[in-house]
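Structure first, then comments.
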Amino acid sequence: TTEKRRQMLTAVLNGFGVRLSGNELIVEARPENFPQKKHNLLQAMLAVNDLFVMAAPVISSIFREDVERYLRLHDIRFTPSVKFTGKSGFDHSFDFVIPASRVRPERILKTINKANKQNITLLIFSWTDTKEVRPANSTAYGVLNDTEQAISPDLIAALKQYDIRPMFWSRRDQYIQELIA
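Residue numbers are given in UniProt numbering: position 123 of the sequence shown equals residue 123, and the series is strictly consecutive.
Okay, here's the thing in C-alpha cells:
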C-alpha cells in the first residue's frame, strides 16, 4: 500500500539523516559538516532509487499481504501459497485457495499487483494448465491492484476469455459474498 511505501521511504531517509518535505529531500548542514551532509544526501538519493527500482517483488508481496489481511478480516476461509501441477507437468503457484462449500465451488486466487500483458498471460497459462486437474467447477480469480493505475480493457477481456474472473481491488467489497460462501 502507499502507506507501507511511505514508511519504507521514511526509514531509508532517516538512516541518512534526510527528511522529506513535500517532494523535496532536505538536509540541514553547517559549513564544517557540509561535505558529509552532501554525501549523506547523495547516498539517500541512491538508496531511494534502489528501493523503488528493486521494489517490484516487495510491492507485490505487500499487495498479497493486503489481500490476505482482507480475507482474514472477513473470516473468509483460505489456504495460502498453493502449488498445483498442471497438465504440462509444470508447477503453478496460486496465492490463495478458498475451499468449496455447499453453495460455491473451489475458488483459486492469484494476486496481480501490476496488471500487464506478461502477468496476465502467465495467469492465463497457469489456470489453463491446472484447470483440468482441479474439481470441475473450480473458479479462478485474478485479484487486480487497480488502485494505482487503470487496467487495460484488453487485459480484462483476455482474462474473461479464459474464464478467469477479474476481481478489482478498488471494488473488493463487491466480491465478499461470493468469496465467503
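Built from N, CA and C at the ideal position, the CB exists for glycine as well.
ask   = Which residue comes first and which comes last in the beta strand (DSSP E) that contains Thr121?
value = Counting along the chain, Thr121 falls outside any beta strand (DSSP E), though it belongs to the alpha helix (DSSP H) covering Lys117 to Lys131.
ask   = Among all the DSSP beta bridges, which residues are the ones paired with His39?
value = According to DSSP, His39 bridges with nothing at all.
request  = State the start and end residues of the unbroken beta strand (DSSP E) segment that holds Ala140.
outcome  = Thr139 to Leu144
Candidates Ala181, Val103, Met8 and Asp91: closest to residue 211 by CA position = Nothing about residue 211 can be reported from this structure: the residues present for the chain run from 1 to 181 only.
task = Decide yes or no for the touch test of the segment 167–175 against the segment 139–151: beta carbon pairs closer than 8 Å, at least 3 of them.
result = yes
request  = With DSSP as the reference, label Val97 as helix, strand or coil.
outcome  = strand
request  = Could you check the C-alpha separation between Asn116 and Lys4 for me, to the nearest Å?
outcome  = 23 Å
inquiry  = Quick check on DSSP: helix, strand or coil for Val82?
reply    = strand
inquiry  = On the criterion of 16 or more Cβ atoms from any shown chain inside 10 Å, does Ile26 qualify as buried, or is it exposed?
reply    = exposed
ask   = Expressed to the nearest angstrom, what Euclidean distance is found between the alpha-carbon atoms of Pro99 and Phe78?
value = 7 Å
ask   = Leaving out five residues before and five after Ala165 in sequence, what residues of the same chain have Cβ atoms less than 8 Å from its Cβ?
value = In the sequence under discussion, the amino acid at residue 165 is Arg, which differs from the Ala named in the question. Around Arg165: Thr139, Ala140, Tyr141, Gly142 and Leu159.
query = Apart from the five residues on each side of it in sequence, which residues of its chain come closer than 8 Å, Cβ to Cβ, to Val133?
reply = Phe84, Thr85, Gly86 and Lys87
message = For Ser101 and Ile176, I'd like the C-alpha separation in whole angstroms.
response = 15 Å
Phe168, DSSP secondary structure in three states = strand
ask   = Nearest-angstrom Cα distance between Glu68 and Glu178?
value = 16 Å
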